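There are 2 protein chains.
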Amino acid sequence: MSIPTTAALDLSLEAAALTAALCDIPSVSGNETALADAVEASLTTVPHLQVLREGDAVVARTQLGRTERVVVAGHIDTVPVAGNLPTRREGDVLIGRGTVDMKGGVAVALRLAAHVARPARDVTYVFYDHEEVEAERNGLGRVLREHPDWLLADFAVLMEPTATAVEGGCNGTMRIRVTTRGRAAHSARWWKGVNAVHEAGHLIDRLRAYEPAEVDIDGLVYREGLQAVAISGGIAGNVVPDRCDVDVNFRFAPSRTVEDAEEHLRQIFDGYDVDVLDAAPGARPGLGEPAAADFVRAVGGQARAKLGWTDVARFTGLGVPAVNYGPGDPSLAHADDERLDVGQLEVCESAMRRWLGEGRDRGDCGLRG
Amino acid sequence: MSIPTTAALDLSLEAAALTAALCDIPSVSGNETALADAVEASLTTVPHLQVLREGDAVVARTQLGRTERVVVAGHIDTVPVAGNLPTRREGDVLIGRGTVDMKGGVAVALRLAAHVARPARDVTYVFYDHEEVEAERNGLGRVLREHPDWLLADFAVLMEPTATAVEGGCNGTMRIRVTTRGRAAHSARWWKGVNAVHEAGHLIDRLRAYEPAEVDIDGLVYREGLQAVAISGGIAGNVVPDRCDVDVNFRFAPSRTVEDAEEHLRQIFDGYDVDVLDAAPGARPGLGEPAAADFVRAVGGQARAKLGWTDVARFTGLGVPAVNYGPGDPSLAHADDERLDVGQLEVCESAMRRWLGEGRDRGDCGLRG
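First to last, the protein sequences are chains A and B.
Okay, so the first sequence: first residue is 16 according to my numbering, each after it adds one.
Okay, so the second sequence: first residue is 16 according to my numbering, each after it adds one.
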C-alpha cells in the first residue's frame, strides 16, 4: 500500500458535495494518482473495509462472510478537461468535467462503502484508472490480470451514467479497414487509371444501404450500427489514387460472437480487402440470473439495453452478470457542457441501499450518513 | 555568369550518346547546378551563340537580325531517380531516368544550338530548372519574371516528349476541395449523428456520373476529366465523422477560362462547400498562327491536343503560340522503366532542322554535325 500524499476525502459530505470534491481533483487518464491516493486515504479510515491497491486502482471490500458477493465499480479517470473545472453549482445542477462520467457514480459508491457497514451481500468496491483510453491500459483489466481473486463475485454493478436506469449487457464492437484498389495514372490521362476513391463510392453505397438489426435479448433491445469512422486516399494532386482505406465500426448485439461479426462484415464487403483492426465482444444482459433479477427488482424501473461497449463486458466475459446503473445523462458524457442533475445522486444511492440491504447485525461505521 | 565547375558536354556526340551523357549527370529538381554548369560551359564555346544564365537556367541565342525569332526550350530537371541510372543501351533503346522526360529533347536542342549556325529564324534556346515541382519554383517562370526580354519570340517549341507528334495547346487544370458536413456522435449511438463520410458517397456519385466533354479546337480534341485525387475524414475510431474532404482535379479544355471552370464545378457540387486549391489556365493550340502553321508543315504528321498542363501555357499566356514536340513516349515519363527509342531523336532533329532552315549565309560552327 502506498503512502497517501493527498488529504483524504470527507466521506461525510452529501453526495453532490462529494461529487464536486472528486471532480475538483482533476484526474485525466494517466494522471489519476492524486485522486487514487485521496480515495485510498479516505477508505482506509473506514473500520469495516479491507483496502487494497494496484497501481492507481483502489479496491475496498467487506468481509462479512455473506453467501453472496457483489462488485460495485467505477472509474476515476476522465477525458481531458475543457475549461470546465473547478465545478460550479447552479441550483440542482453541478457543472464540470467528470460530473456525469463518472464521478457522480463514484461519489455514490464511496458513500455506500463508508456508510453501509453491514450489507446483506458482501461488497467489493472498485475504483479504477485508465478507462477512457485504449483497452490495454484499462485499470479494471489490469486488476483482473494481476489479482483475479480480488474481483470474484456473483454480480457486478458499474456505476456508469445511465440516468438511473438499469442498462444490461452491451453491444460488441469491431473496427475493420476496408480497402479499395485502383490503378494510378496521371490525372490528365485519367482513363489510363482506375480511381480507387471513386470505387470507394460503391463501398459507401453498401454502408448506406445497410439496414442495422435491432435484436431482442432477455426483453432488452440491442440496436446495431455500421458506420464509416475514417476514410483516406490520395497520392498527389495530379494522380488518380490507386488505393482508398475506409475504416468501419460495427456495433453488434451480444447475440453475435466476435467471429460471427467478422464473418458478417466479410460478407457485406465481399470483393474488397478487409482487415480487422480491433474487436471486443458484447455482453448478454444476464438479467435472468438471480442476483441480477434481484437488482432490477430492488432499484425498480424498466431495464434497457446498453449500446456502448463498457467494462460490464469484462465481467460477463468471466461469467459474472453485470449491469450499468448510475447517475447522469449519458449523452452529456465527454461533452464540453457536461452537467449533472444532482437529484439523480439521491435516487441512485437510495436504490443501491435498498438492494444492498442491511444484515441482521445492522449498524454503520459511525460516520454521519 | 557563374564559373563552370563541371567539364563541358561534348556537343559533337550523336544525339543518343549526348542524351546518355545528359542523363548520367543526375539533376533531380533542386539539384540541377552541375548539369546547368555543363550545359553553360559547352554552349559558351559555340561562337554563334550569346549565352545568358539565370539561376540554373541557361539561355543561348543567335543574333542574326532575322525578322522572326523562335524559342526552343526544355527543362533539365527530372523526377527522382528510381535505381535507373546510369543509363544503359539495349539495341535501339536507351534506358534510364530522364531519357524520355526530357533529356532526349534537351540533347536535340543542344545539337541544334551547336550545329545550326545560320538558321532562317533567330532562335532562343532555353534550358531550365524546376519543371517537375510546384509551379512557383519553375525556372521558365522565373526567367519570364526576371528577364522577360530574354524570351521575346513569335513562336515557341517545348521539346517535351510527344513521340515526335506536334501537340498543340494544353488543357487547364483546377484543384478544388469539396467538403461534406455531418454531425459527430458516438458510433454506439450513430443515429444521433450524421455521417459525413456516408454523405461523401453522394458526392462521389456525382463524380462517377460526370461525363467529361471532348472539345474540338482548331481541329484538335481536348479530352476533359474530373477525378477525385484525395479524400480524408474521421475523428476517432468510435466517432461518427462530422466532416469529409474530397480533393477533385478538373482537367478542362482551353475553351474554358479558369473562371468558367470554377463556375462549372460549383454547379456540379452545388450544396457542398467548395474551395479552389489551385488552378492554371489551359492554352489554345494557336495552330492558325503563321509561325505555328509553318512548324506543323515542316515537321509533318497530324497535330493533336496536349492533355497534360505544360509550360506551353506560359508562352500562350504571353500571346506567344507554342507547341510541344519532342522525342519519347510520354506515357513512359516518370515511369520506373523510362526508356527511349533512340530513332526518335533523329526524326526530331531532322524535322527541327527542316523548320529552322538555313539562312543565305549558310554554314555551321565547324563542329561535327
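Even glycine gets a Cβ: it sits at the ideal position worked out from N, Cα and C.
Since this is a predicted model, take the numbers as computed values, not measurements.
- Residue burial annotation: Pro345(B) is buried, with at least 16 other C-beta atoms found within 10 angstroms of its C-beta.
- Leu280(A) and Asp262(A) have their C-alpha atoms some 12 Å from each other.
- Non-local beta-carbon contacts of Val94(B) in its own chain, meaning distances under 6 Å to residues more than five positions away in sequence, involve Glu147, His349 in chain order.
- Ala366(A) counts as buried, since at least 16 other C-beta atoms from the protein chains shown sit within 10 angstroms of its C-beta.
- In the DSSP assignment, Gln78(A) falls outside any beta strand (DSSP E), carrying neither H nor E.
- Per DSSP, the unbroken beta strand (DSSP E) holding Gln65(A) starts and ends at 65-69.
- Taking a C-beta cut-off of 9 Å against chain A, the contacting residues of the stretch 228-254 of chain B are Arg238, Gly240, Leu241, Gln242, Ala243, Val244, Ala245, Ile246, Ser247, Gly248, Gly249, Ile250, Ala251, Gly252, Asn253, Val254, listed in chain order.
- With a cutoff of 8 Å on beta-carbon distance, Thr34(A) and Ala122(A) are scored as near each other.
- By the neighbour-count definition (other C-beta atoms within 10 Å, threshold 16), Lys207(A) is an exposed residue.
- Here Cys185(B) has Gly297, Ala298, Lys321, Trp324, Thr325, Val327, Ala328 as same chain residues with Cβ atoms under 6 Å from its own Cβ, once five neighbours each way along the sequence are excluded.
- Here Gly184(B) carries a coil assignment [DSSP, helix/strand/coil].
- Positions of the beta strand (DSSP E) runs, each at least 3 residues long and wholly inside the stretch 103-179 of chain B, are given as 103-105, 108-110, 137-143, 170-173 in order along the chain.
- Shortest Cα-Cα distance from Cys38(A) to any of Val236(A), Val73(A), Val86(A), His90(A) involves His90(A).
- Cβ contact annotation for Thr272(B) (same chain, cutoff 7 Å, sequence separation greater than five): Pro296, in chain order.
- Between Leu167(B) and Gly45(B), the alpha-carbon positions lie close to 26 Å from each other.
- The continuous alpha helix (DSSP H) containing Ile219(A) extends over residues 211-224.
- Per DSSP, reduced to three states, the secondary structure at Ala306(B) is helical.
- Within the same chain, Pro336 come within 6 Å of Glu304(A) by CB-CB distance, once the 5 residues on both sides are set aside.
- When Cβ-Cβ separations below 8 Å define contact, Ile219(A) makes contact with chain B.
- Note on Pro62(A): under 16 other CB atoms within 10 angstroms of its CB, so exposed under the neighbour-count rule.
- Burial is judged here by how many other beta carbons sit within 10 angstroms of a residue's own beta carbon; Pro163(A) has fewer than 16 and is exposed.
- Shown here, Arg354(B) sits in a strand according to DSSP, grouped into three states.
- The criterion of a C-beta distance shorter than 8 Å is satisfied by Glu353(A) and Gly111(A).
- In the three-state reduction of the DSSP assignment, Ala294(A) falls in the strand class, which pools E and B.
- Against chain A, the beta carbon of Gly111(B) has no neighbour under 9 Å; the closest one sits roughly 20 Å away.
- Residue pairing by DSSP places Leu235(B) opposite Ile232(B) in a beta bridge.
- Going by beta carbons, Val209(A) and Arg198(A) fall inside the 8 Å limit.
- The Cβ of Trp370(A) sits no closer than 8 Å to any Cβ of chain B.
- Listed by position along chain B, the residues whose Cβ is nearer than 7 Å to that of Ser202(A) are Gly240, Gln242, Val244, Asn264, Arg266.
- The beta carbon of Ala276(B) sits no closer than 8 Å to any beta carbon of chain A.
- For Arg198(B), no Cβ of chain A is located within less than 8 Å of the residue's own Cβ.
- Within chain A, the residues placing a beta-carbon under 9 Å from that of Pro256(B) are Gln242, Ala243, Val244, Ala245, Ile246, ordered along the chain.
- With contacts defined as CB atoms closer than 8 Å, Ala22(B) and Leu28(B) fail to qualify as a contacting pair.
- Under the Cβ distance rule, Gly98(A) does not count among the residues neighbouring chain B, no pair being separated by less than 8 Å.
- The beta carbon of Val61(B) does not come within 8 Å of any beta carbon belonging to chain A, so the residue lies off that interface.
- Remark: C-beta atoms of Ile40(A) and Ala49(A) approach each other more closely than 8 Å.
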